[in-house]
Each structure stands twice: as C-alpha cells, then as structure tokens.
C-alpha cells in the first residue's frame, strides 16, 4: 500500500474535505441538539432525532414532553415535529464553530432553573448551551394533549387545547374540557391536526413582541399577542420575565365550527333548545365570576352572547394598561384597580369595541360540600345577584367599575390603637395592598385570607386559603373561580399573605376577630 505522501493531491484534498464536512455535520447537529434542550424549561423531553432544515431551521421529530413529577406514559404531550426557526445558516454555522465557553450569564440562569425544578432537570440544561437568539419562533405540529395538560390549562386559563375555543365546557352538564376523542366521537369534529406556535422577537433595546397561537382547523383557534418592555441586548435567551412590563395585549378567538357543534350537542343532551343552552352557558359563566366577587353587566353579556349564538364569529379582548406594568405588580391590585389599570375592551367581529367592565360584588363561593349545584340553582343565584344591582347596571350599555372594593376583602390587624403600623411601616389599603412573607405554620391563623404560594416546581398559586393542616393546604384559586387546589407542604417553597385592609387591634377585638 502506498504511503500517504505518495497519494495525488486531489485524493488528499478529498480526504480533508470529507473530514471537514463530517466534523461540520457533527457540530451543526450539536447546535440542534443543544437548542432542543429548551424543552427542559417546561419538563422532561424526549425525541427520536434532531435535524437541520435546508433554510437553517432546526427541529426534532416525534417529540414527547411531560412534567418533572409526571408519568411519561400518561402525562406526556406528543407532537410529530418541534421546529425552531433560526436566523439562518449564518447563525447556525457561527453557533457551531464558536468554540468559546458558554456565557456565565447563561450558566447562572440554567442553574437557577435547575434549582427551581428541584434538581430534576438534566445536567447541563436547559440554557447552558443554547446559542443567543434575537428571535424565538417555535412550532409544535400535530399535537395531542394529555389529560394532565388539559387539567392544568383548565385550572389556569379559559382556552381549550383540543377545541381551540374559549369557555368550551361551561353549562354542558359537568363537563370541564373536551378531549380529542370526545370532539371526534360526540361532536364529529375532526381536525387535520392541532398546531401550537410561539413567536417572540426583540427589537430596539427594550421592546419585545410575543405571539402565542393554537390552531385547530375545523374547530376553533386562538392567539395571544402582546408587547413587552424589557432590556434584552438582542438575546431573548437571557430575558428576565419577572421584571418585564406589559405594554399591551390582545386575545383573539376565531370560531371555525366548534361553537355550533357544541351548542347543538349540549342542547340535545340536556333536552334544551339551542337558545336555552346558550342562556344556561352564560349563567354558568356568571356563576364563576360570582365565586370571585365579580359580575358582568348586561352590555358585556350581550357582547359575548353574539359570539356564541352562531358559527364563524371572532371574539377579541384587548387591553392597554395606562402605564407599562409587570404582571406580578398587576396581580397585587384589588379587582377594581386591576380592571381600571388594564383599560380593556371587548369586540365581536369588526364591530365597535365596548369597554370591558365587571361589577365588583360580594363573592358567592361555591359550596364546600361534594354537592354540585344544578343548572336551576345556578340560574337562581345569578338572578338574585342581578336583582340586587342598581337598575342602570342591569341595562346600561357601558358601566364603569365600582370605585369601592368588595367589603369581603381580607383585613390586616395592626398594633394597639394605631393604624400606622403595618408591614415594615406600611399600612395596607385597597389601592395599595401590602404583601407580607410568612411561614407555612402561620397559615393556621389565616383561613379565609388571600395568600400567594410559590412551589418548588417554579409555579405560583394565588387565592383564598380554605383549609390548613401540617401536611398541606387547600387554596381556592383566584384566577380559576370555583377551582380548589391541594398543595402538599413538601412542595411549598415560600408563602406570602396579601393585606388590602387594616384595622386596630381594639376594633378587631370588638368585632370578635382573633
């Protein structure tokens, strides 16, 4: 065999080219693999293989995502493809052949995520090796959502995952959400595939545009669009979303057949006309608002009724806060102040938008027993509340929110005869609530108060404390009226109580409070 020195120049060149190509292929595939680690931000993830498309996009096939404490066989969300649109081949090659060590900022952020996930995230993930990106555009194609995902969405939001609609199960017996099988078998609503999309882009020095969309053709679709204020240096990977401020946001729901099919199916099942079911559907919505101490006036009800009365309508809710505000700060306001700060409106199709206004009323909690309220009981509760409101609220086209808070707001007791002592010298009011860090054991004295629970799984739950014992607590969620959540003590990382009203100890004693 001839020595390498005796080989012709073209053979040597070919060997070098093949070697470099193989090395480059490995590096480029490494970029795709590193980027797929972003899935670990939301739980465990697995996929068959990664790939780089002809235009520089990177992705993975047969993706499965499940919560850190979940079961991969029953709790996983599956998708045929997960695709991340990159800035192009220039970005891919630069990322592949930048041999410097990862940014310390990225490493620190990855460490924080891993710690919050109770050390259940993979070593070296999720952000340590993700190249900097001025835009994050990702798609999950042909998604099938697990019951776990459906339940979590039902707890924290009002949008259906398989149907793509809003308030999908309200008033239809005891249904909470619709699964893929139910939509196909019960309503004959087949879909070529449910797609989920996330698009975040950075412009200027502190402007971020966000778009989240779910599309279920033949059923419905929704999208969320928002503009945020947050310093970014052109790298969205390092954004601190806790400090980001909301400039404006908009939810849009476009019906594509689900509303008519749902109305017909539920009306037939409950032996109602479709008009009667729509009335029942709206009663159930009002009942959920009452559990939160809110009530929609006639103008708001009629706007929503138009959306659910026929197929093909579009419902748009938009808000532009008076000043950019972080969500953490916004959620600390009383209900009245939050509605005022959001400066929101509601529109059906292309008609003139109406101000989004809700009346603050005395809360009507759901029964604590296992008995479930019937449709007639819910109708009676809603009618009784409506009858207590001023006539102008029941009939006016536009009604401003109340200027006074609900009398049922929590009360903070301050020392002795003075109301000038609160938390660190602050006295809580409805306009300026005070949030106090407390221990878990302190919750034994705070039944009925509004609390904020941060868990070891990086989730935050806020609502009224219903039950306390040494093993755990039960909270009536503030953003999901009627939903109570059991939280084991072992998963609680931090506890806070929200005070919106104060009184003296003497006044408290006179009222019989501890």
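In my numbering, the protein residues as written are 967 to 1480.
Glycine included, every Cβ here is placed at the ideal spot set by N, Cα and C.
As the structure is a prediction and not an experimental result, all values here were calculated from the model.
Between the C-alpha atoms of residue 1520 and residue 1181, what's the straight-line distance to the nearest angstrom?
As shown, the chain starts at 967 and ends at 1480. That puts residue 1520 outside it, with no answer to give.
By how many angstroms is the C-alpha of residue 1439 removed from the C-alpha of residue 1460?
Your numbering for residue 1460 matches position 494 in the chain shown. Your numbering for residue 1439 matches position 473 in the chain shown. So the two alpha carbons sit approximately 13 Å from each other.
Decide if residue 1016 is buried, meaning its Cβ has at least 16 other Cβ atoms within 10 Å, or exposed.
Against the chain shown, residue 1016 aligns to sequence position 50. Its Cβ being crowded by 16 or more others within 10 Å, residue 1016 is buried.
Report the three-state DSSP secondary structure of residue 1237 (helix, strand or coil).
The residue labelled residue 1237 in the question sits at position 271 within the chain shown. The answer is coil: DSSP assigns residue 1237 none of H, G, I, E or B.
Could you spell out the range, first to last residue, of the alpha helix (DSSP H) harbouring residue 1165?
On the chain shown, position 199 is the one that residue 1165 refers to. Where residue 1165 is concerned, there is no enclosing alpha helix (DSSP H), although the beta strand (DSSP E) it sits in stretches over 1160-1169.
Distance, Cα to Cα, residue 1367 vs residue 1133?
As a first step, residue 1367 is located in the chain shown; it is residue number 401 there, counting from the start. As a first step, residue 1133 is located in the chain shown; it is residue number 167 there, counting from the start. Low confidence applies here, because residue 1367 scores a pLDDT of 35, under 50, leaving its location unreliable and the question unanswered by this model.
How many angstroms separate the CA atom of residue 1089 from the CA atom of residue 1195?
The residue you call residue 1089 lines up with position 123 of the chain shown. The residue you call residue 1195 lines up with position 229 of the chain shown. The predicted model places residue 1089 with a pLDDT of 46, which falls under 50 and marks its position as unreliable, so this point remains unresolved.
Using CA atoms only, rank isn't needed, just tell me which of 1269, 1465 and 1276 is closest to residue 1319.
Here residue 1319 refers to the residue found at position 353 when the chain shown is read from its first residue. The shortest C-alpha separation from residue 1319 is found at 1269.
What span of residues does the alpha helix (DSSP H) with residue 1146 cover, start to end?
For this step, residue 1146 is matched to residue 180 along the chain shown. 1146-1151 is the extent of the alpha helix (DSSP H) around residue 1146.
Can you give me the C-alpha to C-alpha distance between residue 1238 and residue 1018, rounded to a whole angstrom?
Here residue 1238 corresponds to residue number 272 of the chain shown, with the count starting at 1. Here residue 1018 corresponds to residue number 52 of the chain shown, with the count starting at 1. Cα to Cα, residue 1238 sits roughly 54 Å from residue 1018.
Whose C-alpha, out of 1026, 1398, 1124 and 1456, is nearest the C-alpha of residue 1296?
In the chain shown, the residue the question calls residue 1296 occupies position 330. For residue 1296, the nearest C-alpha among the options comes from 1398.
For residue 1012, which residues in the same chain have their Cβ closer than 7 Å to its Cβ, ignoring the five residues on either side in sequence?
Taking the chain shown and counting its residues from 1, one reaches residue 1012 at position 46. Around residue 1012: 1030.
In angstroms, rounded to a whole number, what distance separates the CA positions of residue 1418 and residue 1173?
Walking along the chain shown from the start, residue 1418 turns up at place 452. Walking along the chain shown from the start, residue 1173 turns up at place 207. Taking the straight line joining both Cα atoms gives about 29 Å.
Alpha carbon to alpha carbon, what distance is there between residue 1153 and residue 1231?
Taking the first residue of the chain shown as position 1, residue 1231 is located at position 265. Taking the first residue of the chain shown as position 1, residue 1153 is located at position 187. Distance between the alpha carbons of residue 1231 and residue 1153: 7 Å.
The alpha helix (DSSP H) spanning residue 1273 covers which residue range?
The residue labelled residue 1273 in the question sits at position 307 within the chain shown. That run of the alpha helix (DSSP H) goes 1264-1274.
In this structure, what does DSSP give as the bridge partners for residue 1215?
Sequence index remark: in the chain shown, residue 1215 carries index 249 (1-based). According to DSSP, which records beta bridges pairwise, residue 1215 is partnered with 1192 and 1285.
Sorted by chain position, which residues of the same chain lie with C-beta nearer than 6 Å to residue 1177's C-beta, five sequence neighbours on each side aside?
Sequence index remark: in the chain shown, residue 1177 carries index 211 (1-based). Excluding positions up to five away in sequence, the list reads 1165 and 1191.
In three-state DSSP terms, what is residue 1034?
Numbered from its first residue, the chain shown carries residue 1034 at position 68. Correct three-state label for residue 1034: coil.
Just to confirm the assignment, what range does the alpha helix (DSSP H) spanning residue 1179 have?
Taking the chain shown and counting its residues from 1, the one referred to as residue 1179 is at position 213. First-last for residue 1179: 1173-1182, but that is the beta strand (DSSP E), not the alpha helix (DSSP H).
May I ask which residues mark the beginning and end of the beta strand (DSSP E) holding residue 1432?
Indexing the chain shown from 1 puts residue 1432 at position 466. Start and end: 1426-1435.
Just curious, the alpha helix (DSSP H) that residue 1323 is in, first and last residue?
Within the chain shown, residue 1323 is the residue found at index 357, counting from 1. Taken as a continuous stretch (DSSP letters only), residue 1323 belongs to no alpha helix (DSSP H), as it is neither H nor E.
Got a sec? Which residues, its chain only, sit under 6 Å from residue 1137 by beta carbon, not counting five neighbours each side?
Translated into the one-based positions of the chain shown, residue 1137 becomes position 171. Closer than 6 Å at Cβ, skipping near neighbours: 1246, 1247 and 1250.
Which of helix, strand or coil does DSSP assign to residue 1228?
What you label residue 1228 is simply residue 262 of the chain shown in a count that begins at 1. The answer is helix: DSSP assigns residue 1228 an H, G or I state.
Ignore the nearest five residues each way along the sequence and tell me which others in residue 1462's own chain have a CB closer than 6 Å to its CB.
Locating residue 1462 in the chain shown gives position 496, counting from the first residue. Here the set comprises 1401, 1403 and 1418.
Going by DSSP, what residues sit across from residue 955 in a beta bridge?
Only positions 967 to 1480 of the chain appear in this structure, which leaves residue 955 out of reach.
For residue 1169, count neighbouring Cβ atoms within 10 angstroms of its own Cβ and tell me buried if that reaches 16, exposed if not.
On the chain shown, position 203 is the one that residue 1169 refers to. So residue 1169 counts as exposed.
Quick check: residue 1201 and residue 1100, are their CB atoms within less than 8 Å of each other?
Walking along the chain shown from the start, residue 1201 turns up at place 235. Walking along the chain shown from the start, residue 1100 turns up at place 134. Their beta carbons are under 8 Å apart, which means residue 1201 touches residue 1100 by this criterion.
Reducing DSSP to helix, strand and coil, say where residue 1345 ends up.
For the purposes of this step, residue 1345 is taken as residue 379 along the chain shown, with counting starting at 1. In the structure shown, residue 1345 sits in a helix (DSSP, three-state: H, G or I).
When you compare only the Cα positions, how much space is there between residue 1167 and residue 1160?
On the chain shown, residue 1167 is found 201 positions in, with the first residue counted as 1. On the chain shown, residue 1160 is found 194 positions in, with the first residue counted as 1. Taking the straight line joining both Cα atoms gives about 23 Å.
For the alpha helix (DSSP H) containing residue 1296, name the first residue and the last one.
Reading the chain shown from its first residue, position 330 is the one you call residue 1296. Run containing residue 1296: 1293-1296, per the alpha helix (DSSP H) assignment.
Measuring CA to CA, which of 1148, 1155, 1126 and 1142 is closest to residue 1187?
For the purposes of this step, residue 1187 is taken as the residue at position 221 of the chain shown. Selected option, being the one with the closest Cα: 1126.
Helix, strand or coil, according to DSSP, for residue 1306 in the structure here?
Counting from 1 along the chain shown, the entry for residue 1306 is found at position 340. Helix.
Return the bridge partner residues of residue 1125 from the DSSP annotation.
Stepping through the chain shown from its first residue, residue 1125 is reached at position 159. In the DSSP output, where bridge partners are listed per residue, residue 1125 has 1132.
Kindly give me the distance between the Cβ atoms of residue 1421 and residue 1458, rounded to whole angstroms, as I take these residues to be in contact under 8 Å.
Stepping through the chain shown from its first residue, residue 1421 is reached at position 455. Stepping through the chain shown from its first residue, residue 1458 is reached at position 492. Yes, they are in contact, since the Cβ atoms of residue 1421 and residue 1458 sit about 6 Å apart, within 8 Å.
Taking the Cβ atom as the reference point for each residue, do residue 1224 and residue 1308 lie within a distance shorter than 8 Å?
Position 258 of the chain shown holds residue 1224. Position 342 of the chain shown holds residue 1308. No, these two residues do not count as a Cβ contact at 8 Å.
So which of 1333, 1313, 1146 and 1198 has the shortest CA-CA distance to residue 1209?
Here residue 1209 refers to the residue found at position 243 of the chain shown. That would be 1198, whose Cα lies nearest to the Cα of residue 1209.
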